[in-house]
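Asker: So the sequence lines, in the order shown, correspond to chains S and W.
With my numbering as the guide, the letters of the first sequence map in order to residues 1 to 331.
With my numbering as the guide, the letters of the second sequence map in order to residues 1 to 286.
Don't be surprised by glycine CBs; every beta carbon is placed ideally from N, CA and C.
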Amino acid sequence: MAARWAVEAEGLVKSFGDFRAVDGVDLQIAQGEIFGVLGPNGAGKTTMLKMLATLLGIDAGTASVFGVDVARQPHRVRQLVGVTGQYASVDENLTAAENLWLFGRLQGISSARVQAIALDLLEQFGLQAAADKPISEFSGGMRRRLDLAASLIKRPPLIFLDEPTTGLDPRTRGQMWDTIRDLVADGCTLLLTTQYLDEADQLADRVAVIDRGRKVAEGTPDELKASVGNSTLQLELEPGGDLELAGQVVHRVIGEGSIVTPEAGRLQVPLEEADRAADVLIALRQADIRVASVSVTRPTLDEVFLAITGHDTGERDAAGSADDELALEIR
Amino acid sequence: MSMTTIDPTRPADRVSRAPVDPAEAVARTRARPSPRETVSQTLLMAWRALKKMRRNPEQFFDVTIQPLLFTAMFAYIFGGAITGSVSKYLPLLIPGIVAQTVLTSCMATGVQLREDFDKGVFDRFKSLPIARLAPLAGPMLADAVRYLIASTLTFATGIALGYRPGGGVLGVAGAILLAIFAGWSLAWIFAWFGTIARSAQGVQGISMLVLFPLTFLSNAFVPVNTLPGWLKAFVNVNPVSHLVSAARGLANHGVVTGQVGWTLLACTGVIAVFAPLSVMAYKRKL
């Protein structure tokens, strides 16, 4: 009886006191898919993941993993799921090899076999030189890799990755992405949470955007990005430049509004295609508006959020949020 | 694409990359761990705890320093007052100190369990399909080593001070074994504190409140007939008193008294109550 969905959840709710961390989320993740859950800190991503992984109780709603009910058969679900959290869950007092050996043996793999798997995983994750070192000597990136390796010993068909690349350097991040793609190639289904749109874009087949415990959008990365434009043109006018006029010029050229930050003399222009930036710059020159700096960037999570939820991610510092309050949107 | 994508040396048939079949994986799952799995998982957790002890030798301070210090201190301070001489006091005192040090190391069991819960690795233990009992029972089993060190050192110190146990090697070994079993079972009380307390300091706090009355309101250091009646009543039902009496019988006379039975009964009772309480509290923490 092969279930159709790797994860199926309906109306998931988790409250901590009066605070509803997860507030009625529905999810359907197909087998063999990489599903991204995108959202800022505190949106409820980790809470939701922990509920699906049997680490937190479910207050209301239902969830199943390959057709196995999470609340009623947690022990079965644990046999199907590998979890890699935001903080490395490995034993500080053991070496890398001992950690993997312990986790493999606990899951009933024979000692000889688990040793072979551990060696192989350590090599795959570039940790073979550190195999016999205690974890306390590991860097953050090494711990994260070991943590993922630990989740893979038993080859679970479903893997939860909670912000797998947060805090990793670009090279390690690339390695992590490759590993994730390999896993899917081998037949695994992946649920990963991330704060990076870029990461969801690179990896995920589908993405759900979570905000304040609710799912506010779902679709392929392309569908999500289309809602904010594919790129953003950042313009800073020379001191005294007429921002309002600039906004009107931009609107005339690309037919869309831009986000204006008056006291910084800044304009953010969403673009369907990056080369439209040239059109905007030429039009500004013709209108005799002088530009101090120009950059074209990919949309950030902040912008996706702004577009989808109407508020920012709350990730900025105090000065930044003061800016946001003063930002005007010209339509 | 990063540079590791193209890696011609990567064999497709690595052991760690067996193909995954969800339907087959679902069919293979079992509803709960079998007793055999529970035992082997507990032993693995004990292995982990022993490794941890070996790498943090400071954990042995309480079971090494305390027996040496307390035995000498109590012998010379109370010996003259209670029995007239140190040598007469030692047969009374040594089994008492054994009980006391074992109980103190039980407290450390609870405190360390609580500290362990806050570590990242416990998140993994929770997510693994293992018996919920194993992460608790494993470290407690490993702590038997600590009780062994504590009770052996106490007897050794006593012998160095002139104690000559009449029960011989067998009697002393019996007393040590009994102390280890008592330590292991009483540790469940402290393990329960460990699972319900908010912090390791909290565990220490409550444990002291239990530990002091249990050890001092017993026959561990003084003959019971010197106590007022109401206190005598408590001392006589205190499981620590039974342990001390049983250990005295074994070590000093080489006899298995009824006290051994009472000790085993009391210890079993403690396990029957506090082991389920601890596992329940641990599950609620999930």
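So with CB distances below 8 angstroms, who are the chain W contacts of L191 (chain S)?
Answerer: Residues of chain W passing the Cβ test: none, with the nearest at roughly 14 angstroms.
Asker: With a 10 Å radius around its C-beta and 16 neighbouring C-beta atoms as the bar for buried, classify V250 (chain S) as buried or exposed.
Answerer: Buried, because 16 or more other Cβ atoms sit within 10 Å of the Cβ of V250 (chain S).
Asker: What does the Cβ neighbour count give for M287 (chain W), buried or exposed, with the cut at 16 atoms within 10 Å?
Answerer: Residue 287 (chain W) falls outside the range modelled here, since chain W spans only 1 to 286, and no answer is possible.
Asker: Output needed in chain order: residues of the region 115 to 144 of chain S with a Cβ under 8 angstroms from some Cβ in chain W.
Answerer: Going along the region 115 to 144 of chain S in chain order, one finds A116, I117, D120, L121, Q124 and P134 with a Cβ nearer than 8 angstroms to chain W.
Asker: Taking the alpha carbon of A134 (chain W) as the reference point, which residue from W:G166, W:A182, W:E37 and W:S199 has its own alpha carbon closest?
Answerer: Of the candidates W:G166, W:A182, W:E37 and W:S199, the one whose C-alpha sits nearest the C-alpha of A134 (chain W) is W:E37.
Asker: I need the straight-line Cα distance from S241 (chain W) to A220 (chain W), nearest angstrom please.
Answerer: Distance between the alpha carbons of S241 (chain W) and A220 (chain W): 7 angstroms.
Asker: Would you give the residue range spanned by the beta strand (DSSP E) that L191 (chain S) belongs to?
Answerer: L191 (chain S) -> beta strand (DSSP E) spans T189 to T194.
Asker: If we call anything under 7 angstroms between Cβ atoms a contact, is G138 (chain W) one with A49 (chain W)?
Answerer: In contact: G138 (chain W) and A49 (chain W) (Cβ atoms closer than 7 angstroms).
Asker: Is it the case that the Cβ atoms of W188 (chain W) and F125 (chain W) are separated by a distance below 7 angstroms?
Answerer: Not closer than 7 angstroms, so no.
Asker: Measuring only the C-alpha atoms, how far is E273 (chain S) from R173 (chain S)?
Answerer: Those two C-alpha atoms are separated by around 27 angstroms.
Asker: Do A217 (chain S) and I135 (chain S) count as a contact pair if the criterion is CB distance below 7 angstroms?
Answerer: Cβ distance not < 7 angstroms, so I135 (chain S) and A217 (chain S) don't count as in contact.
Asker: Reducing DSSP to helix, strand and coil, say where G269 (chain W) ends up.
Answerer: G269 (chain W): helix per DSSP, three-state reduction.
Asker: In whole angstroms, give me the CA-to-CA distance for T232 (chain S) and G120 (chain W).
Answerer: Roughly 40 angstroms separates the two Cα atoms.
Asker: Nearest to D279 (chain S) by alpha carbon, out of S:Q73, S:V296 and S:E263?
Answerer: Nearest of S:Q73, S:V296 and S:E263 to D279 (chain S), Cα basis: S:V296.
Asker: Return the Cβ separation of M53 (chain W) and A142 (chain W) in integer angstroms, given the expectation that the two are a contact with Cβ distance under 8 angstroms.
Answerer: At roughly 7 angstroms, the Cβ-Cβ gap stays under 8 angstroms, so M53 (chain W) and A142 (chain W) are in contact.
Asker: Run through DSSP, which three-state label would S193 (chain W) get?
Answerer: The sequence shown places Phe at residue 193 (chain W), rather than the Ser named in the question. Residue state, collapsed to three classes: helix.
Asker: Could you pull the DSSP bridge partners for Q100 (chain W) from this structure?
Answerer: Q100 (chain W) pairs with nothing; no bridge assigned.
Asker: Is the CB of F66 (chain S) under 7 angstroms away from at least one CB in chain W?
Answerer: Yes - at least one Cβ of chain W is within 7 angstroms of the one on F66 (chain S).
Asker: Check D62 (chain W) in the structure and name its three-state DSSP category.
Answerer: Residue state, collapsed to three classes: helix.
Asker: Assign N252 (chain W) to one of two classes, buried (16 or more other C-beta atoms within 10 Å of its C-beta) or exposed (fewer than that).
Answerer: When all chains shown are included, N252 (chain W) counts as buried.
Asker: Whole angstroms are fine: how far does the CA of I94 (chain W) sit from the CA of R30 (chain W)?
Answerer: Those two C-alpha atoms are separated by around 50 angstroms.
Asker: Classify Y282 (chain W): buried if its beta carbon has 16 or more other beta carbons within 10 angstroms, exposed otherwise.
Answerer: Classification for Y282 (chain W): buried.
Asker: Along chain S, which residues have their Cβ under 8 angstroms away from the Cβ of G138 (chain W)?
Answerer: Within 8 angstroms Cβ-Cβ: nothing; G138 (chain W) doesn't reach chain S, min ~10 angstroms.
Asker: Would you verify that the beta carbon of D123 (chain W) is, or is not, closer than 7 angstroms to some beta carbon of chain S?
Answerer: Closer than 7 angstroms: yes.
Asker: To the nearest whole angstrom, what separates the beta carbons of V145 (chain W) and I117 (chain S), a pair I think is in contact under 8 angstroms?
Answerer: With 8 angstroms as the limit, V145 (chain W) and I117 (chain S) do not qualify as a contact, their Cβ atoms being about 30 angstroms apart.
Asker: Which partner residues does A9 (chain S) have in the DSSP bridge list?
Answerer: Answer is S:L27 and S:A63, bridged to A9 (chain S).
Asker: S218 (chain W) to S278 (chain W), Cα distance in whole Å?
Answerer: Rounded to whole angstroms, S218 (chain W) to S278 (chain W) spans 26 angstroms at the Cα level.
Asker: In angstroms with no decimal places, state the Cα-to-Cα distance between V260 (chain W) and I77 (chain W).
Answerer: Going by the C-alpha atoms only, they are around 29 angstroms apart.
Asker: Counting only Cβ pairs nearer than 8 angstroms, list the residues of chain W close to Q79 (chain S).
Answerer: Per Cβ cutoff of 8 angstroms: A25, R28, T29, R30 and P129.
Asker: Taking the CB atoms as reference points, tell me whether Q100 (chain W) and T215 (chain W) lie closer together than 7 angstroms.
Answerer: Cβ atoms of Q100 (chain W) and T215 (chain W): closer than 7 angstroms.
Asker: What number of angstroms, rounded off, separates the C-alpha of S185 (chain W) from the C-alpha of I271 (chain W)?
Answerer: Their Cα atoms are separated by approximately 6 angstroms.
Asker: Span of the beta strand (DSSP E) holding E236 (chain S)?
Answerer: S231 to L237 is the span of the beta strand (DSSP E), which, as asked, contains E236 (chain S).
Asker: Provide the residue span of the beta strand (DSSP E) that contains Q201 (chain W), from first to last.
Answerer: That residue, Q201 (chain W), is in no beta strand (DSSP E); its alpha helix (DSSP H) goes A200 to F216.
Asker: Quick check on S139 (chain S): buried or exposed, where buried means 16 or more other Cβ atoms within 10 Å of its Cβ?
Answerer: With fewer than 16 other Cβ atoms within 10 Å, it is exposed.
Asker: Is the beta carbon of F66 (chain S) sitting closer than 7 angstroms to the one on L49 (chain S)?
Answerer: No, these two residues do not count as a Cβ contact at 7 angstroms.
Asker: Is Q112 (chain W) buried or exposed, if buried means 16 or more other CB atoms sit within 10 Å of its CB?
Answerer: Result: buried.
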